[in-house]
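Residue numbers (my numbering): 1447 to 1775.
C-beta atoms are modelled at their ideal positions from N, C-alpha and C, and glycine is treated no differently.
Each remark here refers to the structure printed beneath this line.
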Amino acid sequence: MERKRIVALRRLKEPQLQRLREQFEVEYFEEPEQHAEAVAAALRQAHGLIGGKLQVTPAMLDEAPGLEAIATISVGYDNFPVAELSRRGILLTNTPDVLTETTADTGFMLIMASARRLVELATMVREGRWTQHVGESHFGSNVHGKTLGLVGLGRIGRAIARRALGFNMRVLYSNASPKPELETEWGLQRRSFEALLAESDFVCLTVPLTEETEHLVGYEQCRAMKRSAFLVNIARGKVVDEAGLIRALEEGLIAGAGLDVFEQEPVSPDSPLLRMDNVVTLPHIGSATHETREAMASCAVENICQALQGERPRDLVNPEAWAIRQPHH
Ligand code: 8YV
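Structure, rendered in structure tokens:
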């Protein structure tokens, strides 16, 4: 039998490519944008597609008639037309679990960095502007003992909650189904979104991007927060109405923000957010450690192997597509 064909896009390393080549014909493109035609030609023959930052459109699917499965090297899959994939019986898998702790570290790092003005003050020292006694104008806010509001309480939200409890914080959550076990065992408290905004010292966004969560936080929501509170976003940029956030920051309605994600990435160098001392900005590095990115790639490789061997992949996003692929359907 002819071996199935996989198109692999950045970033897979040699061991993972090797693992794929044991069973499949693999075409790997480290910089797909620079080889758009070759990628398109490879996709016409492909059974599987694996990679990070994949841009999949219905038009592209029309050009890939043999596609059976896509493995994204990310936990988020808001960039995929999932219903369309399901309709076509194309399996989609993601990489949950392996990035949970690293992304939670990033979230907590942004909480700490915004509260203690890490970037602003570290920059002051580096630039030789530490010329006077550090006084009140350089002081930050405590993190321990404060209230953290988690918008969304999935795997990553829970992992941030665990860190917060170690810092003796009170932890609220909203926009998630009730988690009674976390209320009794960890003491988390569920709130309406509005109440969470009003009570929290740190509002941390950990929800996936969906129609319901798009622009969940804008000017009005910032206004509902304490003036001393910080907004942290490690979810997706579009969960925040950035223009509204900028206006709220300009008016001093919140104390600052820690942002790993932006409505447009890379963020425009002209964004006012980059010029605000009280805003910590990162280039979408939630999961970006050597260990975790490798684990994510391996996870995606296992998923695509399972899918193309006819097994139900472990991290299947669209069970509807699996149902369509079954012979009795
Ligand atoms: C990815 C992420 O690295 O997993 C996610 O959803 O946001 C990051 O971990 C990024 O999407 C690139 O694939």
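- 8 angstroms or more divides the Cβ of Gly1683 from the Cβ of Tyr1665.
- A distance criterion of 7 angstroms places the beta-carbon of Ser1714 beyond contact range of the ligand 8YV, judged by its closest non-hydrogen atom.
- Boundaries of the beta strand (DSSP E) harbouring Asn1679: Phe1676 to Asn1679, taken from the DSSP string.
- Rounded to whole angstroms, the gap between the alpha carbons of Leu1642 and Val1726 is 22 angstroms.
- Around the C-beta of Pro1759, 16 or more other C-beta atoms lie within 10 Å, and the residue is accordingly described as buried.
- CA-CA distance, Ser1520 to Pro1542, rounds to 8 angstroms.
- Take the alpha-carbon of Ala1644 and the one of Arg1456: they are about 42 angstroms apart.
- Exclusion of the five residues before and after Glu1660 leaves Lys1684 and Val1685 as the residues of its chain whose Cβ lies within less than 8 angstroms of its Cβ.
- By the criterion of a C-beta distance shorter than 6 angstroms, Val1617 is surrounded in its chain by Leu1594, Ala1607, Ala1610 and Leu1634, once the five residues flanking it on both sides are discounted.
- Around the CB of Gly1603, 16 or more other CB atoms lie within 10 Å, so the residue is classed as buried.
- Where Ser1620 is concerned, the enclosing beta strand (DSSP E) starts and stops at Arg1616 to Ser1620.
- Looking only at Gln1578, Ala1622, Arg1721 and Cys1668, the smallest Cα-Cα distance to Val1597 is reached by Ala1622.
- For Gly1704, the enclosing beta strand (DSSP E) begins and ends at Gly1702 to Leu1705.
- Ile1516 is bridged by DSSP to Leu1495 and Leu1538.
- At least one heavy atom of the ligand 8YV lies less than 7 angstroms from the C-beta of Lys1499.
- Of the heavy atoms belonging to the ligand 8YV, none sits nearer than 7 angstroms to the Cβ of Gly1683.
- Across the structure, Pro1504 and Leu1489 are spaced so that their CA atoms are roughly 13 angstroms apart.
- Using a 10 angstroms sphere on the CB of Val1580, the tally of other CB atoms stays under 16, which defines it as exposed.
- Note on Lys1459: under 16 other CB atoms within 10 angstroms of its CB, so exposed under the neighbour-count rule.
- The beta carbons of Thr1738 and Val1544 sit about 6 angstroms from each other, so the pair counts as a contact at 8 angstroms.
- Non-local beta-carbon contacts of Glu1476 in its own chain, meaning distances under 6 angstroms to residues more than five positions away in sequence, involve Arg1456 in chain order.
- As the crow flies, the alpha-carbon of Lys1499 is around 21 angstroms from that of Gln1464.
- In the same chain as Val1485, and ignoring 5 residues on each side of it, the C-beta atoms closer than 6 angstroms to its own belong to Phe1475 and Pro1478, in chain order.
- Exclusion of the five residues before and after Glu1766 leaves Ser1532 as the residues of its chain whose Cβ lies within less than 6 angstroms of its Cβ.
- Comparing alpha carbon positions, the residue from Thr1549, Gly1704, Val1678 and Ala1753 closest to Arg1601 is Thr1549.
- In this structure the segment 1707 to 1721 does not touch the segment 1738 to 1754; the number of beta carbon pairs closer than 8 angstroms is below three.
- Scanning the segment 1594 to 1674 from its first residue to its last, the whole alpha helix (DSSP H) runs of 4-plus residues come out as 1601 to 1612, 1626 to 1632, 1639 to 1645 and 1665 to 1670.
- Each residue's CA atom was taken as its position, placing Asn1540 and Asn1749 some 8 angstroms apart.
- Counting C-beta atoms within 10 angstroms of its own C-beta, Asn1679 has 16 or more neighbours from the protein chains shown and is therefore classed as buried.
- Counting along the chain, Glu1740 sits inside the alpha helix (DSSP H) bounded by residues His1736 to Leu1754.
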